[in-house]
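Enquirer: Just so you know, the sequence shown maps onto residues 345 to 432 in our numbering. Positions of the beta carbon are idealized from the N, C-alpha and C atoms, including for glycine.
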Amino acid sequence: MAEYKQYKCESCGYTVAANPKGHDVTMRGEVYSYMCEECHEIVCVPASKKTACPKCGAEKLVKWNPVKGRCPKCNKKMQETGIVLMVD
Ligand SMILES: [Zn+2]
Ligand SMILES: [Zn+2]
345 MAEYKQYKCE SCGYTVAANP KGHDVTMRGE VYSYMCEECH EIVCVPASKK TACPKCGAEK
405 LVKWNPVKGR CPKCNKKMQE TGIVLMVD
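Put into structure tokens, the structure is as follows:
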């Protein structure tokens, strides 16, 4: 069981649930957060899988975390919403 926090971009309203560290250990194994440079989404990819975007299949993924990372849509800082989500 892992705890993800929800982050929101105040500028464009984009929301994402992520571990503040940018990676986590779940039932499916270790997962990393990436920003896809093709479709500008934050995606989670298991460490055991090929680092390709699950949404568009592009391999242009850069490691991302919500503390240092910025909104993939408009490059503004993401804010914590205070919502915590449980994932397994
Ligand atoms: Zn934004
Ligand atoms: Zn993509």
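Pick out every residue whose C-beta is nearer than 6 Å to a heavy atom of ligand 2: which are they, in chain order?
Expert: That gives C380, E382, C383, E385, C397, K399, C400 and A402.
Enquirer: Between N409 and K349, is the Cβ-Cβ spacing less than 8 Å?
Expert: no
Enquirer: For A346, tell me which candidate among K412, A362, A402 and K407 has the shortest Cα-Cα distance.
Expert: A362
Enquirer: Sorry if obvious, but does the Cβ on C415 come closer than 7 Å to a heavy atom of ligand 1?
Expert: For ligand 1, at least one heavy atom lies less than 7 Å from the Cβ of C415.
Enquirer: Between the alpha carbons of G413 and V428, how many angstroms are there, rounded?
Expert: 19 Å
Enquirer: Going by CA-CA distance only, name the one from I386, Q423 and V431 that's closest to A402.
Expert: I386
Enquirer: Measuring from the CB of K420, is there a heavy atom of ligand 1 at a distance below 7 Å?
Expert: yes
Enquirer: Tell me whether the beta-carbon of M379 lies closer than 8 Å to the beta-carbon of P416.
Expert: Closer than 8 Å, so yes.
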